[in-house]
Structures are given as C-alpha cells and as structure tokens.
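Counting from 152, one number per residue, gives the positions in the sequence shown under this note's numbering. Here's the structure, in structure tokens; my notes come after.
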Amino acid sequence: MEKNKLQAKDLINVGIFTAIYFILFFAGMMLGYIPIFIPLLGLVCPIICGIPFMLYLTKVKKFGMVTLSGIILGLLNMLIGSGVLVLIFGIVFGVAADLIMKSGKYKSWKFTLLGNGVFSLWIMGFVSRMFLTRTEFFDSLVSSYGQEYVDTLMSYTPGWMFPVLFVVTFLGGILGALLGKAVLKKHFEKAGIV
152 MEKNKLQAKD LINVGIFTAI YFILFFAGMM LGYIPIFIPL LGLVCPIICG
202 IPFMLYLTKV KKFGMVTLSG IILGLLNMLI GSGVLVLIFG IVFGVAADLI
252 MKSGKYKSWK FTLLGNGVFS LWIMGFVSRM FLTRTEFFDS LVSSYGQEYV
302 DTLMSYTPGW MFPVLFVVTF LGGILGALLG KAVLKKHFEK AGIV
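Written out as structure tokens, the structure reads:
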C-alpha cells in the first residue's frame, strides 16, 4: 500500500511541472489583451501547455498528482484575481482527470488523451465569469481596459458561446496531448504508455 502514497519525488514533480504549466498558460493568456483571442484561449492554452504536461503525465503513476496540479493552478489564478470559480474548476476537473487516468492505470494512451482533454477544462473556471457573473465581470474590466474593449469582448461572447467554449477547450486539451505525445515519443515509450 505504501507505494500508492505520494512520495517527496512525486510532489517535486507536481511542483516543477505545475509551475512550468502555469508560466506557459500565463504567457498564452497574454493574448487576451486582444479581445478576439479571449474565446480562443481554451484552444490555445492547452496546446501551448501540451508538451510539458504530457512529459509530466509520463511521470504520474499515483492518484492525486493531477488533482494537486488542478488545485495549485486554481489557487495561483485565484491569487492573481481570477475569482474563486477557477479554483473550483481546478479541483473538479483535476480529480476527474486523475480518475480517468487511474482507470487506465496511468499506462493507457487512450485514458491519458481523454484525461488531458478533461483536465484542460479547469481553464473554463477562468472563462466562466464572463457568463455566470456577466454584469460584474464586465463592469470590473472597464476601468482597466476601457469601454471599447469591454463592448468588443461582450460582442464576441454571447451566451450561446458558453457550452461551445467547453467543447473548444476539451479539443484544445486533445490537440495539446497529441502534440505532446508526438514531440515526446521516446518518453512515452520509456514510461510504457501505449
């Protein structure tokens, strides 16, 4: 049973790879300064983060590692002002992804691919504020970005876009996983993920 518990080495991997993921995610989020890119962040960010996250998943062999990444990403984004939804989504989709990958014993490519798509949905916690707390969210942007930016962003994000963005973000996670696996083929073979 002891081998199923998270060890110091596992926690170091969680810390290192989650930090790399966050830095790349944050860089991708900079595209949000251009309103047209906001709806595309769910597609772009998981692709950008795909390579390091796939490398991380070759080292994940125990339940809880992906969950911890989701929690840390949620907390970091909450601390920089992204609201509490991003933490809730980080927990929910971190646990869901962990459960999916665990059901493939962390060795199945099919479950790893699906797990990464699901994990990427934590990003929707960031985006959800535009739809679930619409008035407050857009009011808060006016002072920083100006009314023109806010009006443009509102026009790009009508209510029907909310479910579409879940699908787009999931697809971003799938594409990021495929890119990561292609780049890290040797690592996947070494980790025995088939």
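C-beta: ideal position from N, C-alpha, C; glycine also.
Would you report the Cα separation of residue i and residue j, rounded to the nearest angstrom?
i	j	result
K210	I202	13 Å
I242	I222	5 Å
E287	M305	13 Å
I187	K256	40 Å
I163	Q298	44 Å
V318	L191	11 Å
L244	L227	As written in the sequence, residue 244 is Phe, which differs from the Leu given in the question. Using only the alpha carbons, I get a separation of about 16 Å.
W151	F168	The displayed coordinates of the chain run from 152 to 345. Any statement about residue 151 would go beyond what the structure contains.
E153	A248	Because E153 carries a pLDDT of 49, less than 50, the predicted location of this residue cannot be relied on, and no value is offered for it.
Looking only at its own chain, which residues have a Cβ that is under 7 Å from the Cβ of residue i, when we skip the five neighbours before and after it?
i	result
H338	L206, T209
V334	I202
A342	T209
CB-CB under 6 Å to residue i, same chain, minus the five flanking residues each way: which ones, in chain order?
i	result
P197	S271, G323, G324, G327
F176	C196, C200
Just to confirm, are residue i and residue j a CB contact at a threshold of 9 Å?
i	j	result
T218	I344	no
K336	W260	no
R280	G234	yes
F313	V269	no
M180	F277	yes
Round the Cβ separation of residue i and residue j to the nearest angstrom and send it over; I've been treating them as touching at under 8 Å.
i	j	result
M275	G193	7 Å
L238	M252	In fact, because the Cβ distance is near 21 Å, the residues do not count as touching under 8 Å.
Y172	F204	6 Å
Which same chain residues, not among the five before or five after residue i, have their C-beta less than 8 Å away from its C-beta?
i	result
N155	K213, F214
Inset, instruction - Output the residue ranges of the alpha helix (DSSP H) runs that lie fully inside the region 295-336 and measure 4 residues or longer, sorted by chain position. - result: Complete alpha helix (DSSP H) runs here, min 4: 298-307, 312-334.
Inset, instruction - Counting only runs of 4+ residues fully inside the region 209-236, write out the alpha helix (DSSP H) ranges in chain order. - result: Complete alpha helix (DSSP H) runs here, min 4: 216-228.
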